[in-house]
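*Asks:*
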Amino acid sequence: MNTQSKVLKWSLIVGIVIVINLFFNYTLSLVYKNPTFEAFCPNTSQIVKIIDNQESCVTAGGQWNSGVYNQYLKETNQPTAPQGYCDQQFTCRNDYDAAQKMYDRNVFITLVILGAFCVAIGNFLMGNMLISIALSLAGVLSFIVASMRYWSSADDLIKVIILAIALGILVWVAIKKFKNNIE
1 MNTQSKVLKW SLIVGIVIVI NLFFNYTLSL VYKNPTFEAF CPNTSQIVKI
51 IDNQESCVTA GGQWNSGVYN QYLKETNQPT APQGYCDQQF TCRNDYDAAQ
101 KMYDRNVFIT LVILGAFCVA IGNFLMGNML ISIALSLAGV LSFIVASMRY
151 WSSADDLIKV IILAIALGIL VWVAIKKFKN NIE
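Residue 1 is where the sequence shown starts when you use UniProt numbering, and the numbers rise one by one after that.
(1) Contact between the stretch 108-116 and the stretch 132-151 is defined here as three or more beta-carbon pairs at a separation below 8 Å; is this criterion met?
(2) Taking only runs that begin and end inside the stretch 111-172, name each unbroken alpha helix (DSSP H) of 4 or more residues, in chain order.
(3) How big is the Cα-Cα spacing for N65 and G84?
(4) With DSSP run on the structure shown, which of helix, strand or coil describes D52?
(5) Expressed to the nearest angstrom, what Euclidean distance is found between the alpha-carbon atoms of S56 and S136?
(6) To the nearest angstrom, report how far apart A146 and V107 are at their CA atoms.
(7) Name the residue from F37, I50, N21, G168 whose alpha carbon lies nearest to the alpha carbon of G115.
(8) Between the Cα of A174 and the Cα atoms of I16, Q100, N123, M102, which residue gives the shortest distance?
(9) Check Y85 in the structure and name its three-state DSSP category.
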């Protein structure tokens, strides 16, 4: 096989791999919307009321943090220094974080299923080796993208499981596709 056809072959494979994964991710973003912070913590007013006591803070859905709000006021012995501060977005931010974690998990599962589908079809399509390799590699890239998107939300045990499955799939694809000859 001459160099020009090898370059064309691998260019097509790389192009198919990239476009399939762009298609998966863009379609997923259209079908399943990412939660937005503003939906959970709307900023409805231009005036932010400063809450300077624990009871009002908790009533407003915030979290009271003990300690001196402003070290400068304490150091200058001014009696108006509050003895803590209110994190007014505590509750809504926790709700947003939980929704984002669920979204990341669902996107991960969807991309892994789509990747597995590509790998399976790639291994059963023996009539066209170029398409077979491209689909298998697209599936592997989908696993990688899914893992990278979910990595920050995953627990440590889930990370180990993701890595073990990814390694197993990569070794399996390498054995299945390339046997002992690499072109």
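By construction, the Cβ of each residue, glycine as well, lies at the ideal position given by its N, Cα and C atoms. The structure displayed is predicted, hence computed values, not measured ones.
*Replies:* Let me spell this out:
(1) yes
(2) Segments of the alpha helix (DSSP H) lying fully in the stretch 111-172: 129-150.
(3) 5 Å
(4) coil
(5) When only Cα atoms are considered, S56 and S136 end up about 57 Å apart.
(6) 7 Å
(7) N21
(8) It is N123.
(9) strand
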